[in-house]
Amino acid sequence: MDLRHRVPPTAHDGAIHHPNRGKRDSSPTSSASSPKASDALPLPLYLTNAIFFTLFFSVAYFLLHRWRDKIRSHTPLHVVTLSEIAAIFSLIASFIYLLGFFGIDFVQSFITRASHDVWDVDEAVSESSPRPSPSTSITKLPPVECSLISQDDEDIVRSVVNGVTPSYALESRLGDCRRAAAIRRAALQRMTGRSLEGLPLDGFDYDSILGQCCEMPVGYVQIPVGVAGPLLLDGFEYTVPMATTEGCLVASTNRGCKAIYASGGASSVVLRDCMSRAPVVRFSTAKRAAQLKFFLEDPLNFDTLSVVFNRSSRFARLQGIQCAMAGKNVYLRFTCSTGDAMGMNMVSKGVQNVLDFLQNDFPDMDVIGISGNYCSDKKPSAVNWIEGRGKSVVCEAIIKEEVVKKVLKTNVSALVELNMLKNLTGSAIAGALGGFNAHASNIVSAVFIATGQDPAQNIESSHCITMMEAVNDGRDLHISVTMPSIEVGTVGGGTQLASQSACLNLLGVKGASKESPGSNSRLLASIVAGSVLAGELSLMSAIAAGQLVNSHMKYNRSSKDVTKISS
Numbered sequence: 001m002d003l004r005h006r007v008p009p010t011a012h013d014g015a016i017h018h019p020n021r022g023k024r025d026s027s028p029t030s031s032a033s034s035p036k037a038s039d040a041l042p043l044p045l046y047l048t049n050a051i052f053f054t055l056f057f058s059v060a061y062f063l064l065h066r067w068r069d070k071i072r073s074h075t076p077l078h079v080v081t082l083s084e085i086a087a088i089f090s091l092i093a094s095f096i097y098l099l100g101f102f103g104i105d106f107v108q109s110f111i112t113r114a115s116h117d118v119w120d121v122d123e124a125v126s127e128s129s130p131r132p133s134p135s136t137s138i139t140k141l142p143p144v145e146c147s148l149i150s151q152d153d154e155d156i157v158r159s160v161v162n163g164v165t166p167s168y169a170l171e172s173r174l175g176d177c178r179r180a181a182a183i184r185r186a187a188l189q190r191m192t193g194r195s196l197e198g199l200p201l202d203g204f205d206y207d208s209i210l211g212q213c214c215e216m217p218v219g220y221v222q223i224p225v226g227v228a229g230p231l232l233l234d235g236f237e238y239t240v241p242m243a244t245t246e247g248c249l250v251a252s253t254n255r256g257c258k259a260i261y262a263s264g265g266a267s268s269v270v271l272r273d274c275m276s277r278a279p280v281v282r283f284s285t286a287k288r289a290a291q292l293k294f295f296l297e298d299p300l301n302f303d304t305l306s307v308v309f310n311r312s313s314r315f316a317r318l319q320g321i322q323c324a325m326a327g328k329n330v331y332l333r334f335t336c337s338t339g340d341a342m343g344m345n346m347v348s349k350g351v352q353n354v355l356d357f358l359q360n361d362f363p364d365m366d367v368i369g370i371s372g373n374y375c376s377d378k379k380p381s382a383v384n385w386i387e388g389r390g391k392s393v394v395c396e397a398i399i400k401e402e403v404v405k406k407v408l409k410t411n412v413s414a415l416v417e418l419n420m421l422k423n424l425t426g427s428a429i430a431g432a433l434g435g436f437n438a439h440a441s442n443i444v445s446a447v448f449i450a451t452g453q454d455p456a457q458n459i460e461s462s463h464c465i466t467m468m469e470a471v472n473d474g475r476d477l478h479i480s481v482t483m484p485s486i487e488v489g490t491v492g493g494g495t496q497l498a499s500q501s502a503c504l505n506l507l508g509v510k511g512a513s514k515e516s517p518g519s520n521s522r523l524l525a526s527i528v529a530g531s532v533l534a535g536e537l538s539l540m541s542a543i544a545a546g547q548l549v550n551s552h553m554k555y556n557r558s559s560k561d562v563t564k565i566s567s
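Numbering-wise, the sequence shown is residues 1 to 567 according to UniProt numbering.
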């Protein structure tokens, strides 16, 4: 039975005191709500259902128990007592009711649909129609979007509200993504009684997200994008876009870029480029599971497995397979290069090819899941911190003594001591996993959102250890960030959206590199690491100089009186 929540009809959608009902019946009862099949029940529907469900299963159990005893005692089944006769009649009665109960909503849907077809919901409410009493509580629902001006749109909104048309099917049925979002938005406001005013609808290309970025859209969230820089990295200047609502973050990163620029710039090295996926498979015995592990880790089998894996894409290239066992379960961590894509889908397809191939030699292998969390995706994990995932990058710079004093307003010895006690010792005491830094995730998240990366992968992408030490006889500061798992791409996913594509273009890494596949995504990872370096340098300097609180009070506090903002 369909147990969808039904929204009480309101005058807004033409379901209360509608003038056209008088055309069907001039009697005083014509303005009453449409009849329901459940109105014939003497008790509330939920209570009646509970009684008959309980009765049905109770007497069924009673009869089965009695018949079992008769069979054991060789008593004829047709010899029944008065209590058994009553139980049989109760069983039949409850069965008939439940059979009819499952048809109530089916019948009611025809009654409701017929009434909606007859009533003209667009006419004004008649002045002669009876008004609700003051004691009647009616929720004031928000108006339908002004863009829904056609009768067809209004009918579809009502159809979604009544549960006739699934909200998720609007795009496929209408063939117009913008119109589908508007109708879904209007229906949502009616069903919840909450306004979405302030959430913009227009100005977005809804066709661009269909089937790849977001389902059932009702608008889009505006996040301001600021720029920090220029960041002088490996001899080139980059203006870094950062999408954030945290005041002072862009300004602080910009100050770090200024200090790096004034000291001659930063340099970076991409240590490794590989995406991972780790399915979990199971065997009947641990011995059999170990045989698979030995087979996959045997160098003689790698070439064959590579050919099978690489068939999934012209960019996917298998780099290695690392196996771990837990009893008779085996976790297979595949790593491969993925060109300029972040590569999760690419590596998953290659893994599936290998699993299908392995079924020939290991037919008793039971594939439990394509991902067994040994990858490890969107979770802090030691395997990513140690082995790396995505791009492993180290970025460093030497900040001159005069720059530390004039731009950062602190001194080298204070920064070195603070880094040791805060980022290293403090994080160790906290039991941090990959969090030996001041705020790497702040910069990673802001750049990720601006450039169309997966924000959830900020978790492992923000793994970072920040190191500081005095060099050149203690005058200058050497600072570095080591980030083993920056997961970025310049094609696919959100990178193809107009705003995010523009930010990638600003950095010069838009799309795939035709000359050197994978170079754009590696450069983006280096820029992320360089931006983190700037952010770490500036925040640590603010803390060392005692400026953190004052800076946030100046840049991260709104002076707007929110009590005067209309809801």
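The C-beta atom is built at its ideal place from N, Cα and C for all residues, glycine as well.
**Item:** As assigned by DSSP and simplified to three states, the class of Ile223
**Value:** Reduced to three states, the DSSP call for Ile223 is coil.
**Item:** DSSP beta-bridge partners of Ala316
**Value:** Note: Ala316 is not bridge-paired with any residue in the DSSP secondary-structure output.
**Message:** Can you tell me whether Asp303 is helix, strand or coil according to DSSP?
**Reply:** helix
**Request:** Just confirm the distance between the C-beta atoms of Met342 and Gly492, as a whole number of angstroms; I'd bet it's less than 8 Å.
**Result:** 7 Å
**Request:** Go through its chain and collect everything with a Cβ distance to Asn550's Cβ below 8 Å, but skip five positions before and after it.
**Result:** Take Asn550, set aside five residues on each side of it, and no residue of its chain has a beta-carbon closer than 8 Å to its own.
**Request:** Find out if the Cβ-Cβ distance for the pair Pro279, Leu355 is shorter than 8 Å.
**Result:** yes
**Message:** Taking the alpha carbon of Lys406 as the reference point, which residue from Ala542, Phe448 and Ala86 has its own alpha carbon closest?
**Reply:** Ala542
**Request:** Quick one: measure Cβ to Cβ for Ile443 and Ser263, integer angstroms, because I've assumed they're closer than 8 Å.
**Result:** Their Cβ separation, rounded to whole angstroms, is 19 Å, which puts Ile443 and Ser263 out of contact at 8 Å.
**Message:** Taking 8 Å as the cut-off, does the segment 428 to 436 touch the segment 506 to 524 (at least 3 CB pairs, one atom from each stretch)?
**Reply:** no
**Request:** For my contact list, Gln500 and Ala450 are in at a C-beta cut-off of 8 Å; report their separation, rounded to the angstrom.
**Result:** Confirmed, about 7 Å.
**Request:** Taking only the alpha-carbon atoms, compute the straight-line gap between Val481 and Leu418 and give it to the nearest angstrom.
**Result:** 16 Å
**Prompt:** Whose C-beta lies closer than 6 Å to the C-beta of Val347 among residues of the same chain, with five residues either side of it excluded?
**Reply:** Met275, Arg277 and Cys336
**Message:** By the three-class DSSP mapping on this structure, what secondary structure does Tyr374 have?
**Reply:** coil
**Request:** Report the rounded CA-to-CA distance for Gly372 versus Ser526, giving the unit in angstroms.
**Result:** 29 Å
**Prompt:** Taking C-alpha atoms, which residue in Gln291, Cys395, Phe302 and Ile486 lies nearest to Glu387?
**Reply:** The residue from Gln291, Cys395, Phe302 and Ile486 with its alpha-carbon nearest to that of Glu387 is Ile486.
**8 Å Cβ shell around Met325 - same chain, five flanking residues per side excluded** = Ala286, Ala289, Ala290, Lys293 and Tyr331
**Prompt:** Do the segment 406 to 416 and the segment 250 to 268 touch if we need at least three Cβ pairs shorter than 8 Å?
**Reply:** yes
**Prompt:** Thinking just about the alpha-carbon of each residue, which of Thr239, Gln189, Phe309 and Glu460 is nearest to the one in Leu504?
**Reply:** Thr239
**Item:** Contacting residues, own chain, Cβ-Cβ under 8 Å from Phe95 (five flanking each side not counted)
**Value:** Phe56
**Asked** Which two residues bound the contiguous alpha helix (DSSP H) that contains Glu401?
**Response** Start and end: Glu401 to Lys406.
**Prompt:** Counting Cβ pairs, one atom from each stretch, are 3 or more of them under 8 Å apart for the segment 217 to 228 and the segment 354 to 370?
**Reply:** no
**Prompt:** For Cys464, does the three-state DSSP call read helix, strand or coil?
**Reply:** In the three-state scheme derived from DSSP, where H, G and I count as helix and E and B as strand, Cys464 is classed as strand.
**Request:** Could you give the DSSP three-state label for Gln500: helix, strand or coil?
**Result:** Three-state DSSP puts Gln500 in a helix.
**Asked** Closest by CA to Ser312, which one among Gln322, Phe283 and Met344?
**Response** The shortest C-alpha separation from Ser312 is found at Met344.
**Asked** Since Lys514 sits in a beta bridge, which residues does DSSP pair it with?
**Response** For Lys514, which the question treats as bridged, DSSP gives no partner whatsoever.
**Item:** Delimiting residues of the beta strand (DSSP E) encompassing Met242
**Value:** Phe236 to Ala243
**Message:** DSSP has Leu232 in a bridge; who is on the other side?
**Reply:** Glu237
**Item:** As assigned by DSSP and simplified to three states, the class of Phe294
**Value:** Three-state result, Phe294: helix.
**Message:** Nearest by alpha-carbon distance to residue 616: which of Leu421, Thr244 and Val383 is it?
**Reply:** Within the shown structure, residues of the chain are numbered from 1 to 567, placing residue 616 beyond reach of any answer.
**Prompt:** Does DSSP put Val330 in a helix, a strand or coil?
**Reply:** The answer is strand: DSSP assigns Val330 an E or B state.
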